[in-house]
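Trainee: This is the structure I want to talk about, given as structure tokens.
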Ligand SMILES: C[S@@+](CC[C@H](N)C(=O)[O-])C[C@H]1O[C@@H](n2cnc3c(N)ncnc32)[C@H](O)[C@@H]1O
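Residue numbers (our numbering): 217 to 476.
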């Protein structure tokens, strides 16, 4: 299952919604609402619209512009019934975000996206948010932390290899992976934003076996691709983790709200 398939995005959505930092989501909602009755929210890398759904029911008060480069995901987002809302779906490659995209935005959002991007992208993104009253909210960016109740001797090596793989180019230049939070915070502050942060770890257990299984399979594949861990070790780790996919684990993420 690829990282951007509808099936994978659907599988992770309940865990994502449970994990979002509730305080930041509430503050972002209040900020958008304070923009009056013609508020536009622009969601970057929208997938099937998970961020919009996280903001329901408040989301229905705003105009949504959903942005992605994948036409199938945009079509899926448009086909879902979001309380009868009409969505503006924009297919574009965000590799070079244009200030035009944000010119009507009160709030720009992005979830599960910023660990894929480069420092250059974040500089371009923040400098594109040049409207004084435009806030930025992001959630569910992977922070590199994976903790399992049932330890395996190779856990640290696999997580390290996976995090190295996360630094590869994912279409936005060399990805920041787990270090994106600090880089973004510094860029936002330098550009005059007040930055609020929160943690949004997945806390998974017996109710999320399939999500855990798919995450483990993806992690093992990425770790093997780096060549940093012996294939037999990766295989042993993968089998052990799949056998224990009903036990508890915590996968770290971070959220951020930036306002001026
Ligand atoms: C991990 S998914 C997250 C989707 C959604 N935000 C969510 O939380 O479910 C990353 C999304 O970014 C989109 N994406 C990746 N590279 C992109 C690019 N260069 N331009 C626009 N969208 C991109 C993918 O198509 C995918 O929908």
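Glycine included, C-beta positions come from ideal geometry on N, C-alpha and C.
1) Taking the beta carbon of residue 272 as the centre, do at least 16 other beta carbons fall within 10 Å, making it buried, or is it exposed?
2) If I follow the unbroken beta strand (DSSP E) through residue 227, where does it start and stop?
3) What residues are listed by DSSP as bridge partners for residue 331?
4) Using 8 Å as the threshold, is the C-beta distance between residue 231 and residue 427 below it?
5) By the DSSP assignment, the alpha helix (DSSP H) with residue 294 in it spans what residues?
6) Ligand 1 and residue 321: does any heavy atom of the ligand fall closer than 7 Å to the residue's C-beta?
7) Are the CB atoms of residue 351 and residue 474 nearer to each other than 8 Å?
8) Whose C-alpha, out of 313, 269, 288 and 257, is nearest the C-alpha of residue 388?
9) Taking residue 308 as the reference, which of 294, 290 and 376 has the closest Cα?
10) Throw me the rounded Cβ distance for the residue 283 and residue 258 pair, which I believe falls under 8 Å.
11) Is it buried or exposed for residue 394, if we count other Cβ within 10 angstroms and need 16 for buried?
12) Using the Cβ count rule (16 or more neighbours within 10 Å means buried), how would you classify residue 265?
13) For the beta strand (DSSP E) that residue 470 lies in, which residues bound it at each end?
14) Under the rule that 16 or more other beta-carbon atoms within 10 Å means buried, what is residue 288, buried or exposed?
15) Return the chain-ordered list of same chain residues with a C-beta closer than 6 Å to the C-beta of residue 390, the five sequence neighbours on each side being excluded.
Mentor: Taking the geometry as given:
1) Position 56 of the chain shown, counted from the first residue, corresponds to residue 272. Label assigned to residue 272: exposed.
2) The residue you call residue 227 lines up with position 11 of the chain shown. Counting along the chain, residue 227 falls outside any beta strand (DSSP E), though it belongs to the alpha helix (DSSP H) covering 222–235.
3) Taking the chain shown and counting its residues from 1, the one referred to as residue 331 is at position 115. For residue 331, which the question treats as bridged, DSSP gives no partner whatsoever.
4) In the chain shown, residue 231 corresponds to position 15, counting from 1. In the chain shown, residue 427 corresponds to position 211, counting from 1. Cβ distance < 8 Å, so residue 231 and residue 427 count as in contact.
5) Working through the chain shown from its first residue, we reach residue 294 at position 78. Looking at the DSSP string, the run of the alpha helix (DSSP H) that includes residue 294 is 287–295.
6) On the chain shown, position 105 is the one that residue 321 refers to. Relative to ligand 1, the beta carbon of residue 321 is positioned no closer than 7 Å to any heavy atom.
7) Position 135 of the chain shown, counting from 1, holds the residue named residue 351. Position 258 of the chain shown, counting from 1, holds the residue named residue 474. It is a contact, given that the beta carbons lie within the stated cut-off.
8) The count along the chain shown starts at 1 and reaches residue 388 at position 172. Cα-wise, what sits closest to residue 388 is 313.
9) In the chain shown, the residue the question calls residue 308 occupies position 92. In terms of Cα proximity to residue 308, the closest of 294, 290 and 376 is 290.
10) Here residue 283 is taken as the residue at index 67 of the chain shown, counted from 1. Here residue 258 is taken as the residue at index 42 of the chain shown, counted from 1. Indeed they touch by this definition, with Cβ atoms about 6 Å apart.
11) If you number the chain shown from 1, residue 394 lands on position 178. With 16 or more other Cβ atoms within 10 Å, it is buried.
12) Here residue 265 refers to the residue found at position 49 when the chain shown is read from its first residue. Under this definition residue 265 is a buried residue.
13) Within the chain shown, residue 470 is the residue found at index 254, counting from 1. Element bounds for residue 470: 465–475.
14) The residue you call residue 288 lines up with position 72 of the chain shown. Exposed.
15) Indexing the chain shown from 1 puts residue 390 at position 174. Cβ within range, chain order: 334.
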